[in-house]
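J.:
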Amino acid sequence: MEEKEVDLRDYIRVIRKRKKVILLIFFIAVIASAVVSSLLPSVYKATLAIKIGDIIDVDTLEKELIETPIITSQFLKGPQTLEKTIKDLKLPYSLGELRKKVSVEPVRETEDLVQIEAEVSNPSEAVNIVNYLANELLERHKEIKRLYENKKEILARYDEQIGDINKELDEIEESKKGISVGYDEQIKDIDKELDEIKESKKEILARYDEQIKDIDKELDEIKESKKEILARYDENIQGINSQLTSSKNEIDNLEKEMVELKIETEALSNEIEKKMEGPESLSEAEANILVGRLEDIRNRSVSCRSDIAGRQQQYDNFLGKLGETQLKKTEFEETKGQRYDNLLGELRRIEQEKTKFQETKQGR
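For the sequence shown, full-length UniProt numbering gives the first residue as 1, with consecutive numbering after it.
1) Assign Asp-159 to one of three DSSP states: helix, strand, or coil.
2) Between which two residues does the beta strand (DSSP E) holding Lys-63 run?
3) Could you check if Arg-311 is buried or exposed, using at least 16 other CB atoms within 10 Å of its CB as the buried criterion?
4) Bridge partners of Leu-54, per DSSP?
5) Would you mind giving the Cβ-Cβ distance between Thr-81 and Phe-75, rounded to the nearest angstrom? I have them listed as a contact below 8 Å.
6) Rounded to whole angstroms, how far is the Cβ of Ile-301 from the Cβ of Leu-261, which I believe are closer than 8 Å?
7) Using 8 Å as the threshold, is the segment 321-328 in touch with the segment 227-247, meaning 3 or more CB pairs across them?
8) Look up Leu-48 in the DSSP assignment and give the residues it is bridged to.
9) What did DSSP end up calling Val-104 once you bin it into helix, strand or coil?
10) Please check the pair Leu-294 and Leu-268, which I expect to be a contact at CB under 8 Å, by giving their CB distance rounded to whole angstroms.
11) Below 8 Å between beta carbons: does that hold for Lys-45 and Glu-117?
12) Along the chain, where does the alpha helix (DSSP H) containing Glu-83 start, and where does it finish?
13) Rounded to a whole number of angstroms, what is the C-alpha to C-alpha distance between Lys-274 and Gly-239?
14) Would a C-beta distance cut-off of 8 Å place Glu-212 and Glu-351 closer than the cut-off?
15) Could you give the distance in angstroms between the alpha-carbon of Lys-177 and the alpha-carbon of Asn-150?
16) Between the segment 103-117 and the segment 27-34, can you find at least three pairs of beta-carbon atoms closer than 8 Å?
17) My output table needs one value for Tyr-93: the three-state DSSP class, helix, strand or coil.
18) Are the beta-carbon atoms of Lys-145 and Ile-197 separated by less than 8 Å?
19) Roughly how far, in whole angstroms, is the beta-carbon of Asn-128 from the beta-carbon of Leu-89, given that I think they are within contact range, below 8 Å?
20) Would Ile-222 pass as a contact of Arg-348 if the rule is Cβ separation under 8 Å?
21) Does the distance from the C-beta atom of Leu-48 to that of Thr-85 stay below 8 Å?
22) By alpha-carbon positions, which one of Glu-333, Asn-288, Tyr-315, Leu-205 ends up nearest to Ser-225?
23) Could you give the DSSP three-state label for Val-30: helix, strand or coil?
24) In its own chain, which residues sit with a C-beta less than 7 Å from the C-beta of Thr-355, not counting the 5 before and 5 after it?
25) Which term fits Glu-5, buried or exposed, when burial requires 16 or more other beta carbons within 10 angstroms of its beta carbon?
26) Which value, in whole angstroms, describes the spacing of the CA atoms of Glu-185 and Glu-199?
27) In its own chain, which residues sit with a C-beta less than 8 Å from the C-beta of Tyr-121, not counting the 5 before and 5 after it?
28) Am I right that Glu-264 and Ile-297 are in contact with their C-beta atoms under 8 Å? What's the rounded C-beta distance?
29) Going by beta-carbon coordinates alone, are Val-104 and Lys-77 separated by less than 8 Å?
30) Taking all protein chains shown into account, decide if Val-130 is buried (16 or more other Cβ within 10 angstroms of its Cβ) or exposed.
31) Using the Cα positions of Ala-285 and Glu-324, report the straight-line distance between them to the nearest angstrom.
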């Protein structure tokens with residue numbers, strides 16, 4: 001006990017000794033709190049509780065809420081509603097910022113109350129936000145209620161019409177009993193006619209199907225034969241092109257040989273001129289050699305010209321044959337294409353006639 005009293009006296013002594021420091025710290029804390037409070041922006045909260053209306057379910061004839069508080073909360077905090085709020089009230093917030101400042105929660109221990117809160121720095125703005133959201137919710141509930149009322153009216157009219165129809169059906173049933181005997185014979189005749197129609201329909205449809213099958217088969221044959229014949233045309237064209245290339249190469253080689261012979265002739269002529277202009281005259285043997293060389297060059301030139309003319313004629317023949325083959329291929333494609341188009345048109349016509357016949361017989 002004495003130790004505790006001593007400790008308490010020590011505490012009191014320390015407090016008295018340091019009271020100025022303690023008071024100074026206290027005043028600094030008070031002043032700092034006041035400064036911070038003055039610097040922080042003011043936040044105002046507006047709260048509004050709204051009741052969810054009810055409707056009568058046309059199926060169970062019991063009252064039920066227009067919508068649950070959870071659905072109401074999802075509607076009010078949905079992007080479409082909040083974006084409309086920002087636009088209509090001209091709020092300086094983004095969608096995410098406004099969603100953080102608005103809360104919609106069900107009121108505890110109730111099933112039909114929803115509390116709307118808005119916390120912003122402007123009091124009138126907070127009030128405008130909660131009022132706007134409340135009005136949006138009321139308009140939504142009015143529309144839902146109107147749709148339910150229209151549904152009730154429509155169902156009531158349907159019930160009335162159904163009652164009239166049932167009454168008329170009862171009357172028809174009564175009259176039917178009186179004339180059913182006379183109708184039995186007519187029904188038999190109609191059944192017989194229906195059987196005949198079914199049989200004739202089967203036969204005619206079978207003929208249509210057979211025609212369609214034949215046309216499809218001919219179309220397939222045209223496709224296959226067209227592919228084969230076009231392949232042969234392409235093969236012929238390729239062969240002619242190869243022959244043209246070969247002939248052209250031969251002509252080019254012969255023309256090169258002609259140029260070489262011309263050069264050789266000029267060289268030999270120059271050699272003869274030099275020897276004739278020299279101091280010594282040509283001997284008979286040298287002259288015969290030079291004449292033989294000139295004669296050989298001349299013969300080779302004549303042969304080359306003849307070969308070139310022959311190859312050129314061959315080249316022209318191949319070129320004409322190529323044009324003729326390409327023309328035949330084009331004419332064949334046009335002819336087969338025309339036949340193919342005609343068959344397609346005939347196929348469509350038969351299919352239309354078949355469809356029209358089916359509709360006519362079905363109506364009958």
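Beta carbons: idealized from backbone N, C-alpha and C, even for Gly.
T.: The answer reads as follows:
1) Within the sequence shown, residue 159 is the residue found at index 159, counting from 1. The answer is helix: DSSP assigns Asp-159 an H, G or I state.
2) The count along the sequence shown starts at 1 and reaches residue 63 at position 63. It spans 63-65 - the beta strand (DSSP E) in which Lys-63 sits, taken as one unbroken run.
3) In the sequence shown, counting from the first residue as 1, residue 311 sits at position 311. Arg-311 should be labelled buried.
4) Within the sequence shown, the letter at position 54 stands for residue 54. First, the residue type needs correcting, since residue 54 is Asp and not Leu in the sequence shown. For Asp-54, DSSP records a beta bridge to Leu-65.
5) Taking the sequence shown and counting its residues from 1, the one referred to as residue 81 is at position 81. Taking the sequence shown and counting its residues from 1, the one referred to as residue 75 is at position 75. About 6 Å; that satisfies the 8 Å criterion.
6) Stepping through the sequence shown from its first residue, residue 301 is reached at position 301. Stepping through the sequence shown from its first residue, residue 261 is reached at position 261. In the sequence as displayed, the identity of residue 301 is Ser instead of Ile. Correct: roughly 5 Å between the Cβ atoms.
7) By the C-beta criterion, the segment 321-328 is judged to be in contact with the segment 227-247, since at least 3 inter-stretch pairs fall below 8 Å.
8) Residue mapping note: residue 48 aligns to position 48 of the sequence shown, counting from 1. Per DSSP, Ile-116.
9) For the purposes of this step, residue 104 is taken as residue 104 along the sequence shown, with counting starting at 1. Strand at Val-104.
10) Your numbering for residue 294 matches position 294 in the sequence shown. Your numbering for residue 268 matches position 268 in the sequence shown. Correct: roughly 6 Å between the Cβ atoms.
11) As a first step, residue 45 is located in the sequence shown; it is residue number 45 there, counting from the start. As a first step, residue 117 is located in the sequence shown; it is residue number 117 there, counting from the start. In this structure, Lys-45 lies near Glu-117, with their beta-carbon atoms less than 8 Å apart.
12) Reading the sequence shown from its first residue, position 83 is the one you call residue 83. Taken as a continuous stretch (DSSP letters only), the alpha helix (DSSP H) holding Glu-83 covers 79-89.
13) The residue you call residue 274 lines up with position 274 of the sequence shown. The residue you call residue 239 lines up with position 239 of the sequence shown. So the two alpha carbons sit approximately 53 Å from each other.
14) In the sequence shown, the residue the question calls residue 212 occupies position 212. In the sequence shown, the residue the question calls residue 351 occupies position 351. Reading the sequence as shown, one finds Ile at residue 212 and not Glu. The answer is yes: Cβ separation under 8 Å.
15) The sequence position of residue 177 within the sequence shown is 177, counting from 1. The sequence position of residue 150 within the sequence shown is 150, counting from 1. C-alpha separation (whole angstroms): 40 Å.
16) Between the segment 27-34 and the segment 103-117, the count of Cβ pairs shorter than 8 Å is below three; the stretches do not touch.
17) Within the sequence shown, numbered from 1, the residue matching residue 93 stands at position 93. In the structure shown, the three-state DSSP call for Tyr-93 is coil.
18) Your numbering for residue 145 matches position 145 in the sequence shown. Your numbering for residue 197 matches position 197 in the sequence shown. No.
19) On the sequence shown, residue 128 is found 128 positions in, with the first residue counted as 1. On the sequence shown, residue 89 is found 89 positions in, with the first residue counted as 1. Contact between Asn-128 and Leu-89 holds: their C-beta atoms lie close to 6 Å from each other, under 8 Å.
20) Counting from one through the sequence shown, the residue named residue 222 turns up at place 222. Counting from one through the sequence shown, the residue named residue 348 turns up at place 348. Their beta carbons are not under 8 Å apart, which means Ile-222 does not touch Arg-348 by this criterion.
21) Counting from 1 along the sequence shown, the entry for residue 48 is found at position 48. Counting from 1 along the sequence shown, the entry for residue 85 is found at position 85. Their beta carbons are not under 8 Å apart, which means Leu-48 does not touch Thr-85 by this criterion.
22) Working through the sequence shown from its first residue, we reach residue 225 at position 225. It is Glu-333 whose Cα lies nearest to the Cα of Ser-225.
23) Translated into the one-based positions of the sequence shown, residue 30 becomes position 30. In the structure shown, Val-30 sits in a helix (DSSP, three-state: H, G or I).
24) To locate residue 355, count along the sequence shown from 1; it is residue 355. Once the five neighbours on either side are set aside, Thr-355 has no close Cβ partner at all.
25) As a position in the sequence shown, residue 5 is number 5, starting the count at 1. Bear in mind that a pLDDT of 49 at Glu-5, under 50, signals an unreliable position, so the number given afterwards is only what the model happens to contain. It is exposed - the Cβ of Glu-5 has fewer than 16 other Cβ atoms within 10 Å.
26) Reading the sequence shown from its first residue, position 185 is the one you call residue 185. Reading the sequence shown from its first residue, position 199 is the one you call residue 199. Whole-angstrom Cα-Cα distance: 21 Å.
27) Translated into the one-based positions of the sequence shown, residue 121 becomes position 121. Going by the sequence as given, residue 121 is Ser instead of Tyr. Within the same chain, Ser-121 has close Cβ partners Pro-41, Ser-42, Val-43, Tyr-44.
28) Locating residue 264 in the sequence shown gives position 264, where the first residue counts as 1. Locating residue 297 in the sequence shown gives position 297, where the first residue counts as 1. Rounded to whole angstroms, the Cβ separation of Glu-264 and Ile-297 is 6 Å, and the two are in contact under 8 Å.
29) Start at 1 with the first residue of the sequence shown, and residue 104 comes out as number 104. Start at 1 with the first residue of the sequence shown, and residue 77 comes out as number 77. Between Val-104 and Lys-77, the C-beta gap is smaller than 8 Å, which places the two residues in contact.
30) For the purposes of this step, residue 130 is taken as residue 130 along the sequence shown, with counting starting at 1. Val-130 comes out buried.
31) Translated into positions along the sequence shown, residue 285 becomes position 285. Translated into positions along the sequence shown, residue 324 becomes position 324. Between Ala-285 and Glu-324, the alpha-carbon positions lie close to 58 Å from each other.
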